[in-house]
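Peer 1: Sharing a structure here in structure tokens format.
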Amino acid sequence: MMRGTRTRSPSRPGRPAASRSSASRDDVLHGFALVRATLDEAEILTICTAPGVRRRGVGFAIVTAACAYCGGLGIQRLFLEVSVENAPALALYARAGFAVIGRRAGYYQPQDGGPPIDALVLALTLADQPLRISKR
Ligand SMILES: CC(C)(COP(=O)(O)OP(=O)(O)OC[C@H]1O[C@@H](n2cnc3c(N)ncnc32)[C@H](O)[C@@H]1OP(=O)(O)O)[C@@H](O)C(=O)NCCC(=O)NCCS
């Protein structure tokens with residue numbers, strides 16, 4: 304049985320909180336995402352699925368779980384950066400509803416010394432849910 308796991312590191316007021324969303328089957332980790340939340344915005348820092356289970360919906364399940372988790376926290380917008388050459392990730396994010404909102408020229412410097420690669424900045428507006436910071 305597959306299960307999603309989401310954990311959140313301790314945070315202090317005004318400081319970003321990091322959380323991870325992972326997918327495992329029979330206690331074998333098949334993928335994870337790292338998300339950093341600050342007030343009503345969050346950033347997907349990375350997402351990865353094991354090569355042996357790709358194209359089986361694991362990545363989409365993790366993104367969906369991360370979005371649900373962020374929505375539960377009152378996060379309004381999710382951001383991420385992805386290489387223009389990363390077709391699988393671009394397709395995954397497009398399927399999850401992310402839209403391109405910017406481009407960072409030469410953002411990635413390949414370790415093989417090749418020319419810098421642009422990054423696209425993607426964003427997803429989550430369903431309207433008020434920020435869960437009580438003003439009582
Ligand atoms: C990107 C990554 C997380 C996708 O994980 P995954 O488990 O294969 O994704 P899913 O099976 O849930 O695919 C969901 C959708 O993404 C798209 N997609 C995923 N891999 C794709 C590929 N190789 N080619 C084209 N589309 C792809 C498809 O639309 C797919 O839906 P479909 O299978 O119904 O057509 C995975 O390839 C990975 O870990 N890559 C290396 C790390 C990386 O590049 N991370 C992103 C950093 S920004």
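Numbering (this note's numbering), first residue to last: 304 to 439.
For every residue, glycine included, the Cβ atom is placed at its ideal position computed from N, Cα and C.
Can residue 398 be considered in contact with ligand 1, in the sense that its beta carbon sits closer than 7 Å to one or more heavy atoms?
Peer 2: Within the sequence shown, residue 398 is the residue found at index 95, counting from 1. Indeed, a heavy atom of ligand 1 lies less than 7 Å from the Cβ.
Peer 1: Taking a contact to mean a Cβ-Cβ separation below 8 Å, would you say residue 378 touches residue 408 in this structure?
Peer 2: Stepping through the sequence shown from its first residue, residue 378 is reached at position 75. Stepping through the sequence shown from its first residue, residue 408 is reached at position 105. Not a contact, by the Cβ cut-off of 8 Å.
Peer 1: Measure the C-alpha to C-alpha separation of residue 413 and residue 343 and round it to an integer number of angstroms.
Peer 2: Residue numbering aside, residue 413 sits at position 110 when the sequence shown is read from its first letter. Residue numbering aside, residue 343 sits at position 40 when the sequence shown is read from its first letter. Each residue's Cα considered, the two are about 33 Å apart.
Peer 1: Using the three-state DSSP reduction, which class does residue 401 fall into: helix, strand or coil?
Peer 2: Stepping through the sequence shown from its first residue, residue 401 is reached at position 98. Correct three-state label for residue 401: coil.
Peer 1: Where do the ends of the beta strand (DSSP E) carrying residue 331 lie?
Peer 2: Within the sequence shown, the letter at position 28 stands for residue 331. It spans 331 to 341 - the beta strand (DSSP E) in which residue 331 sits, taken as one unbroken run.
Peer 1: Around the C-beta of residue 362, are 16 or more other C-beta atoms found within 10 angstroms, so that it is buried, or is it exposed?
Peer 2: Start at 1 with the first residue of the sequence shown, and residue 362 comes out as number 59. With 16 or more Cβ atoms within 10 Å of its Cβ, residue 362 is classed as buried.
Peer 1: As a quick exercise: from 330, 329, 348, pick the residue whose alpha carbon is nearest that of residue 337.
Peer 2: Here residue 337 corresponds to residue number 34 of the sequence shown, with the count starting at 1. Of 330, 329, 348, the residue nearest in Cα terms is 348.
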